[in-house]
Amino acid sequence: MLEDQVFSYMKQGPMGQPEACYRFRVTFKDTTTRRRGINFPTFSSWMGTIRELGIVRVGGNLVPDFESGRWGMVTNHSDIDVLGDAGCLDLIEGRMHISKVYGQFASSVDMHFAWVKIHEDGSEETIATSNMATTWVEITGHGLVEVKPFPAYLEEFIRSFLPNGSRLEGSTAQADCRPRREPRNLHRDAQSGACLYRAPKAPTIEPELMQQTFHTTSAESNLVGNIYFANYYHWQSRLIDGFFHGISPDWSTTGGSPGEFHCMHCEVKHLREAMPFDQIQVVMGLKGLYERGVHLHFDFYKRTDDGDRIKLAFGDWEAVWVIGAQGAEPCALPDRYLAALEPKRTARASVDLHLLQTR
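Take 344 as the starting number for the sequence shown in the numbering used here and just add one per residue.
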């Protein structure tokens with residue numbers, strides 16, 4: 344029988360700094376995959392929730408500053424590594440700590456998160472980790488910001504969350520307090536299998552698979568007034584679902600699919616701010632094709648009234664194909680997906696070969 348074990352507390356982080364911990368249950372809305380698990384955008388929403396609950400102590404000052412329309416914090420980049428699975432009503436503990444403060448005016452903050460499933464016997468299983476960097480800014484116009492120093496109350500608060508002995512402007516000792524991680528792509532390459540195609544390095548990732556324009560409103564914004572960072576992950580998810588649904592609509596019905604893509608890694612890096620009622624064009628390209636998975640790239644643009652595009656952000660998504668219950672091992676991509684992607688990568692390879700022959 345499930346018991347209500349939802350609560351929050353503080354503990355010591357990896358280098359002696361405070362680590363905020365929040366326990367909560369996975370909700371019906373959180374479980375949106377075909378295997379009834381957590382899809383990757385949910386972790387971005389959890390990141391925002393815990394980040395904001397962690398600043399309640401200074402909320403009396405911070406909320407009025409944000410409500411003024413003059414001050415805010417913007418997300419520079421974030422990433423999510425999915426390591427396991429969780430299902431509806433599982434007990435999750437989200438943990439957040441700060442590793443350093445740095446940059447112009449020492450007003451950028453690196454935050455690190457772990458998402459831990461608490462089993463009925465009390466044992467723990469880390470199902471995901473994530474990272475985020477934010478910066479304190481002054482809002483100078485529509486979608487325009489300037490980096491500014493922290494206000495005194497926020498500087499004091501953040502100082503209290505830094506590793507023991509660290510200075511506010513950062514120190515070499517802080518570099519080791521990030522979560523320990525494997526060398527980049529080592530685990531993901533092993534899961535994905537042999538590489539069948541890798542896009543050439545270029546300003547634009549080709550071939551393009553799909554694009555979609557989202558008409559934003561205040562529903563995508565937050566207290567600061569800009570477009571909330573988690574929307575970028577939800578837009579990624581919508582293009583991914585739309586593209587593969589177009590290939591296999593019969594697999595989109597309940598029980599229709601033999602498997603699904605399981606995200607291993609995703610990230611978004613922001614260049615500029617978007618605001619409510621901006622039109623956001625999201626372009627998805629094939630960055631890599633593997634025996635058991637895919638690597639997709641995303642570019643996010645603001646469409647102006649005169650038809651121009653202003654790049655707002657870019658990101659990546661890496662996933663493997665899995666069949667069976669939660670915890671299943673990756674397996675070969677379905678033939679229908681390989682067949683759909685093969686002509687695209689073959690066409691690109693032919694173009695590259697032609698260019699080499701004519702040089």
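Built from N, CA and C at the ideal position, the CB exists for glycine as well.
List the endpoints of the continuous alpha helix (DSSP H) containing residue i.
i, result
"residue 757", "The structure shown has nothing for residue 757, since the chain only spans 344 to 702."
"residue 505", "That residue, residue 505, is in no alpha helix (DSSP H); it is neither H nor E in DSSP."
Using 8 Å for Cβ pairs, my map puts residue i next to residue j. What's the rounded Cβ distance?
i, j, result
"residue 653", "residue 615", "7 Å"
"residue 628", "residue 550", "7 Å"
"residue 637", "residue 662", "6 Å"
"residue 412", "residue 568", "6 Å"
"residue 565", "residue 477", "The Cβ separation is near 13 Å, so there is no contact."
"residue 429", "residue 380", "7 Å"
Buried or exposed for residue i, going by 16 or more other Cβ atoms inside 10 Å?
i, result
"residue 656", "buried"
"residue 520", "With a pLDDT of 42 at residue 520, under the threshold of 50, the predicted position of this residue should be treated as unreliable, though the coordinate-derived value follows. Label assigned to residue 520: buried."
"residue 348", "exposed"
"residue 355", "exposed"
"residue 473", "buried"
"residue 464", "exposed"
"residue 544", "exposed"
"residue 579", "buried"
"residue 621", "buried"
"residue 682", "exposed"
"residue 645", "buried"
Rounded to the nearest angstrom, what separates residue i and residue j at their Cα positions?
i, j, result
"residue 642", "residue 611", "9 Å"
"residue 667", "residue 535", "17 Å"
"residue 608", "residue 497", "32 Å"
"residue 362", "residue 400", "14 Å"
"residue 350", "residue 437", "11 Å"
"residue 439", "residue 591", "39 Å"
"residue 449", "residue 480", "12 Å"
"residue 680", "residue 604", "11 Å"
Is DSSP giving residue i helix, strand or coil here?
i, result
"residue 362", "strand"
"residue 409", "helix"
"residue 535", "helix"
"residue 466", "coil"
"residue 676", "coil"
"residue 399", "helix"
"residue 487", "strand"
"residue 569", "coil"
"residue 682", "helix"
"residue 350", "coil"
Could you spell out the range, first to last residue, of the beta strand (DSSP E) harbouring residue i?
i, result
"residue 573", "From DSSP, residue 573 is part of no beta strand (DSSP E) but of the alpha helix (DSSP H) over 573-590."
"residue 434", "434-445"
"residue 604", "603-613"
"residue 423", "414-425"
"residue 451", "451-461"
"residue 659", "652-665"
"residue 599", "That residue, residue 599, is in no beta strand (DSSP E); it is neither H nor E in DSSP."
Using a threshold of 7 Å, is the CB atom of residue i nearer than that to any non-hydrogen atom of the ligand HEM?
i, result
"residue 358", "This structure lacks the ligand HEM; in fact it carries no ligand of any kind."
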